[in-house]
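Chains as they are written, first to last, in the working numbering: chain A, 403 to 536; chain B, 196 to 349.
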C-alpha cells in the first residue's frame, strides 16, 4: 500500500448525456446499480474522494460583455455529465479505474485529468510578486 | 432551526487554455493576481468550497473496447482548465460569480452547472422502473431532498 503522501489527485470527467438513449428502464437501472457499486467500492478503498452528477440545465458566460446564455455548453455526446475526484498513485492507476466505467459501452467517454498540486494561477501570480520584491 | 436560507452547489467549469494569447507576461500576471484575489475572496466568504486547476496532460477512454488515447480532449478554446465548487443561494448568484471571472473578457468561457442534491446515479439505481424515463427526461434541479437533508442535519 502506498501512503497518502505518494498519492496524487486526478479528475475523471464523464462525458455524454445520452448513454441511456437505447436502453430499457430495466437496463438503465441495472447499469446505475453497477455504477453505484463501483463508486462505493472506490470510496471504501480510499481511491475516490468524491463525485457528483451534474444537472443538464446550465448557463454559459463568455465574451468581453460577459454575456450569459442557456447551456448546455456542448452537444449531448460531449457534455460533462458528472465527475469523480480520485486519489491514486499514478496516471496509469487513474486510467485503469476510468476503464472500469460501466457506461463506456454505451457511448460515455471518460477524460482523465491530473489536478495540479499547486494552482497555476497562484504560481503565475506569485512569480509576479517575487519579481516585485527584488 | 437555522435562519440561513438553503444553499445549493454549483460547479463552475473554466474553459479555454489560450486566453493569454496576445497578452504580455506582465498582463498575464496582473490577471492572475486578480484571479487569486477573486478566488481567495470567494473562499473567505464561504461561497467557494473547492477549486483546482487541471494539468494539460491526461488520457481519454472511450468505446466498448475501452480504448485509451492521449489528449487533446477538445480544442484549446473548449478544453476544461479548472473548476470551482460553489455553495450559494441559487443559479443567479452562481452566474453573478461566473461573470466576475477575470479571464472571461480575454476569451475564457465559464460553464455553470447545478449539482443535484442527490446524485442522479443513486436515484436511478433506487427508483421504481416506471419513473426512470421521466427522471432522465425531465429531471428537476431543486430537489425537495435539499430541505429534508438540511433538517436532518440541523
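Think of the CB as a built atom: it goes at the ideal place given N, C-alpha and C, for glycine as much as any other residue. From a predicted model like this one, the values you see are computed outputs, not experimental measurements.
Buried or exposed: which applies to residue i, given that a residue is buried once 16 or more other Cβ atoms fall within 10 Å of its Cβ?
i                     : result
residue 310 (chain B) : buried
residue 505 (chain A) : buried
residue 210 (chain B) : buried
residue 497 (chain A) : buried
residue 404 (chain A) : Low local confidence applies: a pLDDT of 47 at residue 404 (chain A) is under 50, so the model's placement there is unreliable, and no value is given.
residue 450 (chain A) : buried
residue 467 (chain A) : exposed
residue 443 (chain A) : exposed
residue 219 (chain B) : exposed
residue 321 (chain B) : exposed
residue 323 (chain B) : exposed
residue 507 (chain A) : exposed
From residue i to residue j, what does the alpha carbon distance come to, in whole angstroms?
i                     : j                     : result
residue 486 (chain A) : residue 470 (chain A) : 27 Å
residue 445 (chain A) : residue 291 (chain B) : 34 Å
residue 217 (chain B) : residue 520 (chain A) : 25 Å
residue 473 (chain A) : residue 258 (chain B) : 26 Å
residue 529 (chain A) : residue 225 (chain B) : 11 Å
residue 206 (chain B) : residue 306 (chain B) : 8 Å
residue 233 (chain B) : residue 296 (chain B) : 8 Å
residue 404 (chain B) : residue 243 (chain B) : Only positions 196 to 349 of chain B appear in the structure, and residue 404 (chain B) is not among them; the question remains open.
residue 274 (chain B) : residue 325 (chain B) : 37 Å
residue 223 (chain B) : residue 253 (chain B) : 25 Å
What residues match up with residue i in a beta bridge as DSSP calls it?
i                     : result
residue 508 (chain A) : In DSSP, residue 508 (chain A) forms no bridge with anything.
residue 257 (chain B) : A:511 and B:262
residue 450 (chain A) : A:488
residue 469 (chain A) : A:464
residue 455 (chain A) : A:484
residue 304 (chain B) : A:464 and B:210
residue 416 (chain A) : A:484 and A:512
residue 474 (chain A) : DSSP lists no partner for residue 474 (chain A).
residue 277 (chain B) : B:209 and B:248
For residue i, tell me which candidate among the options has the shortest Cα-Cα distance.
i                     : options                       : result
residue 231 (chain B) : B:247, B:219 and B:220        : B:247
residue 312 (chain B) : A:418, A:463, A:427 and A:453 : A:453
residue 237 (chain B) : B:301, B:300 and B:293        : B:293
residue 461 (chain A) : B:319, B:249 and B:287        : B:287
residue 240 (chain B) : B:302, B:271 and B:282        : B:282
residue 551 (chain A) : A:524, A:503, A:492 and A:514 : Nothing in the structure corresponds to residue 551 (chain A), since chain A is present only between 403 and 536.
residue 417 (chain A) : A:509, A:518 and A:488        : A:509
residue 436 (chain A) : B:330, B:324, B:316 and B:327 : B:316
residue 215 (chain B) : B:299, B:329 and B:325        : B:299
residue 517 (chain A) : A:490, A:526 and A:431        : A:490
residue 414 (chain A) : A:426, A:420, A:425 and A:441 : A:441
Taking 8 Å as the line, does the beta carbon of residue i fall inside it for any heavy atom of the ligand ADP?
i                     : result
residue 481 (chain A) : This structure lacks the ligand ADP; in fact it carries no ligand of any kind.
Against chain A: residues of the segment 240 to 256 of chain B by CB proximity under 9 Å: Legend: CB atoms of the segment 240 to 256 of chain B lying less than 9 Å from CB atoms of chain A belong to residues 245, 246, 247, 248, 249, 250, 251, 252, 253, 254, 255 and 256.
Can you pull out the residues from the segment 306 to 321 of chain B whose beta carbon lies closer than 8 Å to at least one beta carbon of chain A? Hits within the stretch, in order: 306, 307, 308, 309, 310, 311, 314, 315, 316, 317, 319 and 320.
Along the segment 435 to 461 of chain A, what residues have a CB closer than 8 Å to any CB found in chain B? So the close ones are 435, 437, 438, 441, 453, 454, 455, 456, 457, 458, 459, 460 and 461.
Chain B contacts made by the segment 474 to 492 of chain A, where a contact means CB separation under 9 Å: Among the residues of the segment 474 to 492 of chain A, those with a Cβ less than 9 Å away from any Cβ of chain B are 474, 475, 476, 480, 482, 483, 484, 485 and 487, in the order of the chain.
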